[in-house]
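Before any comments, here is the structure.
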Amino acid sequence: MAQIEVEGQISLTIDDDEISDCGSVSDETSPPSDPFMCFKRDGLVEVSEGSPEHHVLRGSFLVGMRPVAKQTNVVAIHKNSSSSLTRKARFDSFRLFAEAVAEKCGGNAQERYAWYGGTREELLEIVKHGFSRCGKPVHGQSYGVGVHLASAKYPMEDALSSEVDEYGLRHVLLCRVILGDMEVVSPGSNQFHPSSQKFDSGVDNLSDPRRYIVWSAYMNSHIFPTFMISFKAPSLKDFQGLLQANVPRANVLKPTTPWMSFPALITILSRFLDPSKMALINKCYKDFRERKIRRPEFIRKLRIATGDELLAKIVKRHRQGGV
7 MAQIEVEGQI
17 SLTIDDDEIS
27 DCGSVSDETS
37 PPSDPFMCFK
47 RDGLVEVSEG
57 SPEHHVLRGS
67 FLVGMRPVAK
77 QTNVVAIHKN
87 SSSSLTRKAR
97 FDSFRLFAEA
107 VAEKCGGNAQ
117 ERYAWYGGTR
127 EELLEIVKHG
137 FSRCGKPVHG
147 QSYGVGVHLA
157 SAKYPMEDAL
167 SSEVDEYGLR
177 HVLLCRVILG
187 DMEVVSPGSN
197 QFHPSSQKFD
207 SGVDNLSDPR
217 RYIVWSAYMN
227 SHIFPTFMIS
237 FKAPSLKDFQ
247 GLLQANVPRA
257 NVLKPTTPWM
267 SFPALITILS
277 RFLDPSKMAL
287 INKCYKDFRE
297 RKIRRPEFIR
307 KLRIATGDEL
317 LAKIVKRHRQ
327 GGV
């Protein structure tokens, strides 16, 4: 049983045995329209909305999503629980490394919760196989070359790295992270490993860290994804500057850029394109839904079939409320 404090806000209690004892959920009865069918197929189990666990996780996430908490809707929470032998072995390895780091650091491994955002496909790959790459973050300030995670108090730091899927959902992982002895890494640094054997990880600020940096050598031994949070939120890029400036929520303006789903876009395109092109687009979209191709590949094929000029006109009219 592990109980980890979420930086002075809330405590999460998670049974370690849940990782190995909970079976994966079959997706045989899931309808094609189920936005979480791939989650179930990959061994993620939905956390019941009325459970204390769901209440704590949802509350902790929304507290850190200011200034857009009121406009953010947590749609589902899934737990990384599977009887998969490889996933059980990965978690057992994580526990062993936590014990080793604790012994090195005088009994405290500094195990924390932290957020990691990305595309749905990327996060599912991490849950199944672990991290395959690390580097500088897509959004926000870089602190060396490593896996950048947001501390539990600041989920919006990594929510900015999430991408809207075809259901209008964004996704972030809540991970358990072994930090050990932390050192401050300067903004814009090219550091990619500990500066000495004394240190295990990096942070942007020792007293109130927003960013944890786990070096590539430790990215699959010191990070274990525990939950996937799926949510709907306004265009977060509209709030990026406000986040960095720490502007009070009362002064935040509502986002002005509406979002258009792929199904809505395809429906509109059917008014302008001939049947052969629509058949190609629908096939590509089906492949994307079935995860045969990734999002960038689908968008590339969509642009080729449609043409950037038509896409630009449709998006412009949509923003003006004319589509």
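With this note's numbering, letter number 108 in the sequence shown gets 114, and the count goes up by one each step, no holes.
Even for Gly, the Cβ is constructed at its ideal location relative to N, Cα and C.
For clarity, every value in this text was computed on a predicted model and none was experimentally measured.
Exercise for the section: Tell me whether the beta-carbon of Y218 lies closer than 8 Å to the beta-carbon of A120. Expected result: yes
Exercise for the section: State the DSSP-derived secondary structure class of Y122, mapped to helix, strand or coil. Expected result: strand
Exercise for the section: Throw me the rounded Cβ distance for the V220 and V153 pair, which I believe falls under 8 Å. Expected result: 5 Å
Practice task
Just the C-alpha distance for V80 and I305, rounded to the nearest angstrom, thanks.
Solution key: 26 Å
Exercise for the section: Kindly confirm or deny that the stretch 50–70 and the stretch 192–202 touch, where touching means at least three C-beta pairs closer than 8 Å. Expected result: no
Handout entry: Test item: CB-CB of F97 and N226 under 8 Å
Key = no
Practice task
Check A318 in the structure and name its three-state DSSP category.
Solution key: helix
Practice task
Sort S167, V190, N211 and R182 by Cα distance to R176 and report the nearest one.
Solution key: S167
Handout entry: Counted within 10 angstroms of its Cβ, other Cβ atoms place I287 as buried (16 or more) or exposed
Key = It counts as buried.
Exercise for the section: Report the rounded CA-to-CA distance for G174 versus Y149, giving the unit in angstroms. Expected result: 30 Å
Handout entry: Of the residues S157, V151 and E117, the one placed nearest V183, counting alpha carbons only
Key = E117
Problem - Extent of the continuous alpha helix (DSSP H) run through H60 - result: P58 to V69
Practice task
Give the straight-line distance between the Cα atoms of A311 and L130, rounded to the nearest whole angstrom.
Solution key: 29 Å
Practice task
Could you tell me which uninterrupted beta strand (DSSP E) segments, each at least 3 residues in length, are contained entirely in the stretch 114–184, listed from first to last along the chain?
Solution key: With a minimum length of 3 residues, the continuous beta strand (DSSP E) runs that stay inside the stretch 114–184 are 117–123, 153–157 and 176–184.
Practice task
Return yes when the C-beta of I305 is under 7 Å from any heavy atom of the ligand NAP, and no when it is not.
Solution key: The ligand NAP is not part of this structure, which contains no ligands at all.
Problem - Alpha carbon of D210 to alpha carbon of L185, nearest angstrom - result: 13 Å
Problem - Proximal residues to R309 (C-beta, below 8 Å), its chain only, five neighbours per side dropped - result: L317
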